[in-house]
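In this note's numbering, the protein residues as written are 105 to 356.
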């Protein structure tokens, strides 16, 4: 284990990335545990207030992210300072993205259906950083040889083609696949050959005069959502806590 860590993490200068990812995940999990205890009225924890104003943890998260980010830029990838800044940045990012939905909606939607977006973004971020830590680089440039890397034309064309893959997948209404295709181009190829989501720009543009393709797209999207919506919600509830019931639906 020590030899693997030295060869694959420390020597390539990925230790700050590993520390940041670890701090990010732990901060998110600890924060969720504390907020769930506060919600249940258990333990010694409580909301932080100043003069009657509820201070959301996104506020210290932004401060820590700024401090850690600028510190990491100034300290480089090696040394004790880089490690400390990586941990600070990871903690800050965990606090910020835990309230991503609040920033997106500009409203306290932490325990609502909209608040699930925070959990989804955190999981997505952790997965992408994990792929980068495992050796994947954006647009697959890491797969090029030393000679190809010296050829700027090859690098530019590779990035441009993979970026085009990501845009096509995004236009098909598959945002998650588009994001992952930036790191793993094969995901982009798979997304390109599959049918678009029925409400996507691609479907509106190319399926308008193809009723069979449009019907097949609607049917596939229905089966996909029916198959995965339940498990995805259960995982989100397990990680982030179950949202409060919608009062409008309860009245019905």
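Every residue gets a Cβ at the ideal spot worked out from N, C-alpha and C, and that includes glycine.
- Residue 240: not part of any alpha helix (DSSP H); DSSP gives it neither H nor E.
- With fewer than three CB-CB distances shorter than 8 Å, the region 320-338 does not count as touching the region 199-212.
- With contacts defined as CB atoms closer than 8 Å, residue 226 and residue 199 fail to qualify as a contacting pair.
- Three or more beta-carbon pairs separated by less than 8 Å link the region 130-148 to the region 334-348, which places the two stretches in contact.
- Going by DSSP, residue 321 is part of the alpha helix (DSSP H) stretching over 315-344.
- For the 8 Å CB-CB criterion, residue 295 and residue 263 do not form a contact.
- Rounded to the nearest whole angstrom, the CA to CA distance from residue 228 to residue 153 is 31 Å.
- Membership of residue 174 in the alpha helix (DSSP H) is indicated by the continuous run 162-179.
- Fewer than three pairs of CB atoms, one per stretch, sit closer than 8 Å, so the region 187-199 makes no contact with the region 301-312.
- Counting along the chain, residue 204 sits inside the alpha helix (DSSP H) bounded by residues 204-209.
- For residue 157, the secondary structure class from DSSP, reduced to helix, strand or coil, is strand.
- Burial is judged here by how many other beta carbons sit within 10 angstroms of a residue's own beta carbon; residue 285 has at least 16 and is buried.
- Here residue 110 is exposed, its C-beta having fewer than 16 other C-beta atoms within 10 Å.
- For residue 142, the uninterrupted alpha helix (DSSP H) run begins and ends at 119-144, by DSSP.
- The beta-carbon separation of residue 232 and residue 287, rounded to 6 Å, stays under the 8 Å limit for a contact.
- Annotated three-state conformation of residue 278 is coil, per DSSP.
- Around residue 179, the same chain offers 185, 186, 189 as residues with beta carbons nearer than 6 Å, after the five sequence neighbours per side are excluded.
- The three-state reading of DSSP puts residue 215 in coil, since its state is none of H, G, I, E or B.
- Around the beta carbon of residue 278, a 10 Å sphere encloses 16 or more other beta carbons of the protein chains shown; the residue is thus reported as buried.
- Contact check for residue 120 against residue 176 passes: the beta carbons are separated by less than 8 Å.
- Between the C-alpha atoms of residue 157 and residue 164 there is a straight-line separation of about 15 Å.
- With a 10 Å radius around the Cβ and a threshold of 16 neighbouring Cβ atoms, residue 303 comes out exposed.
- Nearest Cα to residue 299 within the set 322, 289, 291, 283: 322.
- Apart from sequence neighbours up to five positions away, the residues of its chain that approach residue 170 with a beta-carbon distance below 8 Å are 196, ordered along the chain.
- Shown here for residue 204: same chain residues with a beta carbon closer than 8 Å to its own, the five before and five after excluded, namely 221, 222, 225, 226 in chain order.
- By the Cβ neighbour-count rule, residue 151 is exposed, with fewer than 16 other Cβ atoms within 10 Å of its own.
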